[in-house]
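Before any comments, here is the structure.
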Amino acid sequence: MIRYLQILILSFLFNSVQAQQAITVACPKGYNEIKDPWTFFNCIAPNKEVLSGSNPNFAFIKKDSSVVITIAFIQRDSATYESDRALMKGLRPDWKNYDPDTVWMINFKYRVDSVNHSYMLFDKAKLKPFNADAGVEFYMDCTNLYMDDYKIAKAVTINKKYRGIVEIYYFTRQHTKIDIEKELYNASSMVSFKK
């Protein structure tokens, strides 16, 4: 068990280093960076699965604690990316030809009314209205996606062909009125891909 935890921690640290080498992330105005996102989420949701499909590489909290932003990065050709790709091909027969450059995998898990949801595939035809290379925004209109005191308000996925996938999650504190569209606008320049 201890050995497993050591491997898990090393894997997490390796993925964090990969993310920092591949993308640049700037702290949005009015936020503070959470230096250790993993510990932070274990503290606020000790008995609940983190809602992002990937461990967060970066996290920010608004100075009044009303909004938490997490950013996870999956680098092309990384071990995580390739294992996810292999998993997708084995899950269902109709996914056996899954190609990450023509079919977009959204890899996050969440619970709604005690029902588990995960893994969605979007082909180019479905992605076209969303301008896939720039990003796709998914709005989850549900009050049952909780991390104790926070709920997920927006999930934004950015796909850069041959570069990687970035998942950005916006969590809002319960019973607070937040203009999430304004938060999205203020944070729109957080992530940039390194050349």
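Quick note, the sequence shown lines up with residues -19 to -1, 1 to 176 if you use mature numbering (1 follows the signal peptide of the UniProt record, and there is no 0).
Here a beta-carbon is modelled for each residue, glycine too, at the ideal position from N, C-alpha and C.
Residues bridged to residue i [DSSP beta-bridge criterion]
i, result
"Lys43", "Tyr12"
"Ile4", "Phe174"
Close beta carbons around residue i, own chain, < 6 Å, minus the five adjacent residues each side
i, result
"Ala7", "Met171"
"Phe39", "Val6, Ile52"
"Val147", "Phe54, Ile139, Val172"
"Pro18", "Pro37, Ala40"
Own chain partners of residue i with C-beta closer than 7 Å, once the 5 adjacent residues on each side are dropped
i, result
"Glu164", "Val48, Tyr151"
"Lys43", "Gly11, Tyr12"
Closest residue to residue i among the options (Cα-Cα distance)
i, options, result
"residue 223", "Ile146, Asp160, Gly71", "Because the chain here runs from -19 to 176, residue 223 falls outside it and cannot be looked at."
"Thr157", "Pro18, Pro9, Ser46, Ile15", "Ser46"
Contact set for residue i: own chain, Cβ-Cβ below 8 Å, skip 5 residues either direction
i, result
"Tyr131", "Ile25, Val49, Phe152, Thr153, Arg154, Gln155"
For residue i, the three-state DSSP class (helix, strand or coil)
i, result
"His98", "Any reading at His98 must be qualified, since the residue scores a pLDDT of 47, below 50, and its modelled position is unreliable; the value itself is stated next. If DSSP states are grouped into helix, strand and coil, His98 belongs with the strands."
Distance cut-off 7 Å: residue i Cβ against heavy atoms of the ligand FMN
i, result
"Val49", "Summarising the ligand content, the structure contains no ligands, and the ligand FMN is consequently not present."
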